[in-house]
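Q:
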RNA sequence: UUCCUAGCCGCGGA
């Protein structure tokens with residue numbers, strides 16, 4: 357059973373639920389580890405209903421199995437299902453509380469996050485930081501600061517979160533003070549300070565931070581390129597882009613977006629073709645491309661990109677993609693096709 | 001086993 361459990365874990369991690377299931381079924385004396393790993397394997401591959409079925413067929417449960425089921429739902433944003441699990445749990449630990457707190461905080465549900473936070477028996481770094489984030493996102497910087505001040509211990513992550521809380525709410529000076537006061541800094545905290553400056557168009561300060569960095573990541577470069585692009589310095593942004601040691605999907609998208617917004621439709625579309633040779637475009641990249649097609653009035657190109665999203669790139673079109681397509685089709689005079697698209701949308705029309 | 005756990009960049013939202 358021990359060896360089989362290892363195998364189960366392996367298949368679960370590499371995303372092969374069928375193989376995991378085969379191993380699971382072959383185990384005669386399944387222990388709690390086997391069950392939990394089977395649940396996790398299904399959860400990681402998005403088979404939540406299967407995961408739940410496995411969970412329900414368990415003979416006995418422990419805290420870890422409950423947490424596994426809870427996290428499975430939370431990771432897929434199935435908050436209602438997660439709540440049911442949470443309420444049914446016979447016992448909870450810090451992992452339980454932090455998991456549900458993080459989910460509420462990231463989902464922007466401040467009231468729920470607060471409720472959970474206040475009900476918790478104890479807090480650690482992974483409880484304070486999400487709560488701080490939740491306040492920052494709700495533009496309650498003082499409450500965020502209150503959490504920060506109350507923390508029994510602070511890590512580089514908490515300091516960076518506080519920096520971002522100020523930056524997101526336009527308090528650049530305070531963000532800088534936090535940055536200067538941090539006991540240690542890493543590439544993420546540097547990037548956070550960098551982004552604080554570039555997002556507000558303070559390219560001089562941003563450059564100082566950038567050149568002061570011992571180590572840079574793709575994020576650092578992207579911030580600089582994006583800063584120039586939104587300043588209207590497309591050529592400068594392009595030079596930064598070309599100098600990047602590595603290109604992520606965001607690097608490409610920054611440039612796509614820059615070209616699309618400045619009316620360089622053909623450049624945008626050419627860039628997109630180059631991008632696809634090395635990088636899987638995501639939903640945002642497609643938005644920029646559709647925006648470019650839209651402004652160029654290129655119905656044919658827009659359609660071909662739109663209809664390749666799900667089948668070729670596994671990207672589900674969002675409402676914004678649909679509305680760009682509707683705009684493009686109707687302005688091109690393809691009213692019937694626009695109507696058909698609306699009829700087949702997976703959302704209710706606004 | 002739940003946890004490669006909480007913090008950084010692109011569209012939109014705010």
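In our numbering, the protein residues as written are 357 to 706.
Think of the CB as a built atom: it goes at the ideal place given N, C-alpha and C, for glycine as much as any other residue.
Please state whether DSSP places residue 448 in a helix, a strand or coil.
A: coil
Q: Give the straight-line distance between the Cα atoms of residue 602 and residue 381, rounded to the nearest whole angstrom.
A: 44 Å
Q: Quick check: what's the CA-CA separation for residue 542 versus residue 657?
A: 43 Å
Q: Alpha helix (DSSP H) containing residue 501: first to last residue?
A: Residue range 497-506 is occupied by the alpha helix (DSSP H) that includes residue 501.
Q: What separation, rounded to the nearest whole angstrom, lies between the Cα atoms of residue 484 and residue 446?
A: 24 Å
Q: In this structure, how does DSSP classify residue 668 when only helix, strand and coil are distinguished?
A: The answer is helix: DSSP assigns residue 668 an H, G or I state.
Q: Going residue by residue through the stretch 419-470, where are the continuous beta strand (DSSP E) segments of at least 3 residues, counting only ones entirely within it?
A: none
Q: Count the other CB atoms within 10 Å of the CB of residue 408; is the residue buried (16 or more) or exposed (fewer)?
A: Looking at its Cβ environment, which holds 16 or more other Cβ atoms inside 10 Å, residue 408 is buried.
Q: Hey, residue 621 and residue 652: beta-carbon distance below 8 Å or not?
A: yes
Q: Which of the three DSSP states is assigned to residue 712 in this structure?
A: Outside the shown range of the chain (357 to 706) lies residue 712, about which nothing can therefore be said.
Q: Would residue 647 be called buried (16 or more neighbouring beta carbons within 10 Å of its own) or exposed?
A: When all chains shown are included, residue 647 counts as buried.
Q: Tell me which residues share the same chain as residue 562 and place their Cβ nearer than 8 Å to its Cβ, disregarding the 5 neighbours each side in the sequence.
A: Apart from sequence neighbours up to five positions away, the residues of its chain that approach residue 562 with a beta-carbon distance below 8 Å are 550, 553, 554, 579, 580 and 583, ordered along the chain.
Q: What did DSSP end up calling residue 654 once you bin it into helix, strand or coil?
A: coil
Q: Does the separation of the CB atoms of residue 368 and residue 376 fall below 8 Å?
A: Against a cut-off of 8 Å, the Cβ pair of residue 376 and residue 368 comes out as a contact.
Q: Are the beta-carbon atoms belonging to residue 684 and residue 698 less than 8 Å from one another?
A: no
Q: Quick check on residue 686: does DSSP put it in helix, strand or coil?
A: helix
Q: So, is residue 493 buried or exposed, given that buried needs 16 or more other C-beta atoms within 10 angstroms?
A: Its Cβ being crowded by 16 or more others within 10 Å, residue 493 is buried.
Q: Since residue 631 is in the alpha helix (DSSP H), which residue starts that stretch and which ends it?
A: 621-634
Q: To which residues of the same chain is residue 431 closer than 7 Å at the C-beta, ignoring the five residues directly before and after it?
A: Cβ contact annotation for residue 431 (same chain, cutoff 7 Å, sequence separation greater than five): 399, in chain order.
Q: Buried or exposed: residue 385, going by 16 or more other Cβ atoms within 10 Å of its Cβ?
A: exposed
Q: Nearest CA to the CA of residue 374: which residue from 397, 619 and 486?
A: 397
Q: Measuring alpha carbon to alpha carbon, tell me which residue in 659, 669 and 423 is nearest residue 709.
A: Residue 709 lies beyond the residue range present for the chain, which begins at 357 and ends at 706; the question has no answer from this structure.
Q: I need the straight-line Cα distance from residue 507 to residue 606, nearest angstrom please.
A: 34 Å
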